Structure formats: C-alpha cells, structure tokens
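Participant:
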Amino acid sequence: MIHSLTDYVRFNNGTEIPGLGLGVFQIPDEDTAEVVKKGIINGYRLIDTAQIYGNEVGTGIGIKEGLAATGLSREELFITSKVWNNHLTYDETINAFEETLERLALDYLDLYLIHWPGKNAYKEAWKALEDLYAAGKIKAIGVSNFEIHHLEDLLSFAKVVPVVNQVELHPKLTQQALRDFCEEHEIKVQAWSPLMQGKILTEPVVKETAEKHQKTPAQIVLRWDIQQDILLVVKSVHEQRMQSNADIFDFELAPAEMARLSNLNEALRSGPDPDVFDF
Ligand SMILES: NC(=O)c1ccc[n+]([C@@H]2O[C@H](COP(=O)([O-])OP(=O)(O)OC[C@H]3O[C@@H](n4cnc5c(N)ncnc54)[C@H](OP(=O)(O)O)[C@@H]3O)[C@@H](O)[C@H]2O)c1
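In my numbering, the protein residues as written are 52 to 330.
(1) Report buried or exposed for S124, applying the criterion of at least 16 other Cβ atoms within 10 angstroms of its Cβ.
(2) In this structure, does DSSP put F129 in helix, strand or coil?
(3) For chain C, is any of its Cβ atoms less than 8 Å away from the one on Y159?
(4) Is any heavy atom of ligand 1 found at a distance shorter than 7 Å from the C-beta of K46?
(5) Compare the beta carbon distance of W167 and F328 with 8 Å and say whether it is the shorter of the two.
(6) Would you call the segment 76-93 and the segment 264-276 touching, i.e. three or more CB-CB distances under 8 Å?
(7) Nearest-angstrom Cα distance between L312 and H221?
(8) For the alpha helix (DSSP H) containing V272, name the first residue and the last one.
(9) Out of D58, A119 and N64, state which residue places its alpha-carbon closest to the alpha-carbon of G72.
(10) Go ahead and label S244 buried or exposed: buried means 16 or more other beta carbons lie within 10 angstroms of its beta carbon, across all protein chains shown.
(11) Please report the straight-line C-alpha distance between F197 and D324, rounded to a whole angstrom.
(12) Can we count Q102 as close to ligand 1, meaning its CB is less than 7 Å from some heavy atom?
(13) At a cut-off of 7 Å, would you count G74 as near ligand 1, judging by its Cβ distance to the nearest heavy atom?
(14) Shorter than 7 Å, the distance from the beta carbon of D231 to the closest heavy atom of ligand 1, or not?
(15) Please determine, among E107, I238 and E116, the residue with the shortest C-alpha to C-alpha distance to E153.
(16) Reducing DSSP to helix, strand and coil, say where V108 ends up.
(17) Over the uninterrupted beta strand (DSSP E) stretch that includes A191, give me the two end residues.
(18) Let me make sure I understand the geometry here. Which of A172, E85, A186 and R96 has the alpha-carbon closest to that of L283?
(19) Considering only heavy atoms of ligand 1, does any lie closer than 7 Å to the CB of R292?
(20) What is the residue span of the beta strand (DSSP E) that N216 lies within?
(21) Ligand 1 and H166: does any heavy atom of the ligand fall closer than 7 Å to the residue's C-beta?
(22) Are the CB atoms of S132 and L160 within a distance shorter than 8 Å?
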C-alpha cells in the first residue's frame, strides 16, 4: 500500500508509477496548464492525459511551468497519454504517438495506453507500442478499458505484457473478476473516475463513513482504493480539492467499513461499456 503522494508502485517491467495521480479529462486546453502546474506544486507526480482530451498542449505547458516552479526534473514526473484507437494501423499509431509527444513538448512518455479496445481494433496498435517501447520512447506500455476477453486475446499475441489496465472503478463498479485476472497476469489495475465523476460522494454509506472519520466523502473513497492497492487517477481543477484528495494517508478504514463500501457494487458504470463502445 502507498503511504504518500510520492510513493511508487512497481510494474512488471521494473519501472515504477506513483500510486495516485492527477487526471485532466474534460479540462479545456487553455485551462489545463494552470491545473497541471498547481498539481505538481501540490505534490502530484503523475499526470494522466490523452490524445482525445484535446489538452496535451496545455498539459505540456503545465509540466514545464510545474518543473520551473518546483525545481523538479522531468524524470521526477510520470506522464501518461493514450492513443485513440479507432482501428489504427501500425503507421498511424506511430504517428499518433509522435504527435502526442510534440504537443506535450516531451521527448519520452512514462506510460502510453491503448485508450479503448474497440471491436478488437488493437492488434496493430499494440505492435506499434511494443516497437516504441523497444526504441526507448516510452518507459512502459499498457491498455485501458480492456475486459478479460480482450486481455486474453492480447496476451495470445503480445510480446510485451501490458503493465497496466486503466478502467472505470469505484465502489459501484468494483471490477473484482477483472482485478483477479490482472493480478494473475501481473498487470496493475488503475482506477479512472474513482469518484464516479462526483456521483459516489452523496452515497449514504460513503457520507456516514466520512462523518465517522472526520474526512470528506472523496477521501473515504480514495482511501478504499489505496487500501486495496488499486492505482488511481483523480481529477480536480480546484487546488483545495487536489490537496484534500491527496490527504488520505493519516487514517485507516476498518475491514467492516471496507466491506460496506465494496458492497455498494452494482456493476454500475458512469462511462461507456467497453463491449458495446466501438471505436
Ligand atoms: N481511460 C479512460 O477511458 C478514462 C475515462 C475517464 C477518465 N479517465 C482518467 O481518470 C481521471 C479521473 O476520472 P474523472 O475525471 O472522469 O472523474 P473523477 O476523478 O472520479 O471525478 C472528477 C469529478 O469530481 C469532482 N471532484 C474531484 N475531487 C472532489 C472532491 N474532493 N469533492 C467533490 N468533488 C470532487 C471534480 O470536480 P472539480 O474538477 O470541479 O473539482 C470532477 O467533477 C480523468 O481525469 C482521466 O485522466 C480515463
């Protein structure tokens, strides 16, 4: 279990990722630099963006400004982006990666993900990621929104096992079977929309637990993740929330509280279902 915002977790290829990161989904490009800079100043070391978010330019500016403000080096940050996988050919995937790097104004990525599996649209894209990884342009490669059957298929031809599967995960969608499969194959699971985009925060069990611990509902849900060794990316544009979302290392949920939160599971998604979402 991680014990601070700058605690790292080891991937199957030996590289390490901060256990808790800042996501920038749905932030307009022109606002993103300020958010990323504030995140870095407040101790976040992992920034999660994607080609489709349209804010890689702002993310890159924020990284530069965050490094200047803190005196950190690029190597002390962990930057993730994702290829929008609408049946990309090998060459198109390589180009998408090069364009992402250019927008971010970086010369390597720490992690590059296939954003969605589509209808098995990932075979050539994965080969491209493997080659970019072998060339040293990405420190680790992974997938996002892959179900067990997608992973089984990927593992049947992949030369490199993905380090991570980033999926929607929160107490209403605990993804236990997928987590078990990933653990068996040394693939880390990283939760996106860990707060269910805010919707989980009004849940009575979450609110009651928060009152008991004198913590916020968001802190309770994020603590529930880290006590299960689930990697996290959480988004806020507000500095005070960035700080409180990272202030989850000074209390512990009891086993009964963990179970009560897990029992909220309804296999309920706030985002698309990977099996019917085709691009
Ligand atoms: N791979 C994928 O397909 C995928 C899909 C979705 C997301 N993601 C990644 O996962 C990250 C996180 O997911 P997300 O942005 O969808 O949702 P989220 O982190 O679950 O929730 C973000 C929402 O909750 C609010 N919020 C944050 N902290 C709060 C707090 N302490 N109290 C009350 N409200 C709070 C935010 O508002 P404010 O900003 O106004 O504070 C925002 O509206 C994304 O940014 C992205 O990097 C990946």
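Just so you know, even glycine gets a beta-carbon here, dropped at the ideal spot from N, CA and C. Please read these numbers as outputs of a predicted model, since none were measured by experiment.
Facilitator: In short:
(1) By the Cβ neighbour-count rule, S124 is exposed, with fewer than 16 other Cβ atoms within 10 Å of its own.
(2) F129 falls in the strand class under three-state DSSP.
(3) No chain C is part of this structure, which consists of one protein chain only.
(4) With the chain covering only 52 through 330, there is no way to say anything about residue 46.
(5) If you check the CB distance, W167 and F328 come in under 8 Å.
(6) Of all C-beta pairs linking the segment 76-93 to the segment 264-276, fewer than three are shorter than 8 Å, placing the two stretches out of contact.
(7) Rounded to the nearest angstrom, the two C-alpha atoms are 9 Å apart.
(8) Its alpha helix (DSSP H) spans residues P268 to I277.
(9) Checked all of D58, A119 and N64; the closest Cα to G72 is D58.
(10) Classification for S244: buried.
(11) The straight-line gap from Cα to Cα measures roughly 10 Å.
(12) With a cut-off of 7 Å, the C-beta of Q102 is classified as distant from ligand 1, since no heavy atom of the ligand falls inside that distance.
(13) It does: the Cβ of G74 is within 7 Å (strictly closer) of some heavy atom of ligand 1.
(14) No, the Cβ of D231 stays beyond 7 Å of every heavy atom of ligand 1.
(15) The candidate whose alpha carbon is nearest that of E153 is E107.
(16) It is helical.
(17) A191 -> beta strand (DSSP E) spans I189 to S195.
(18) For L283, the nearest C-alpha among the options comes from R96.
(19) In this structure, R292 has its CB closer than 7 Å to one or more heavy atoms of ligand 1.
(20) It spans V215 to E219 - the beta strand (DSSP E) in which N216 sits, taken as one unbroken run.
(21) Yes; taking the cut-off as 7 Å, the Cβ of H166 has a heavy atom of ligand 1 nearer than that.
(22) At a Cβ-Cβ threshold of 8 Å, L160 and S132 count as neighbours.
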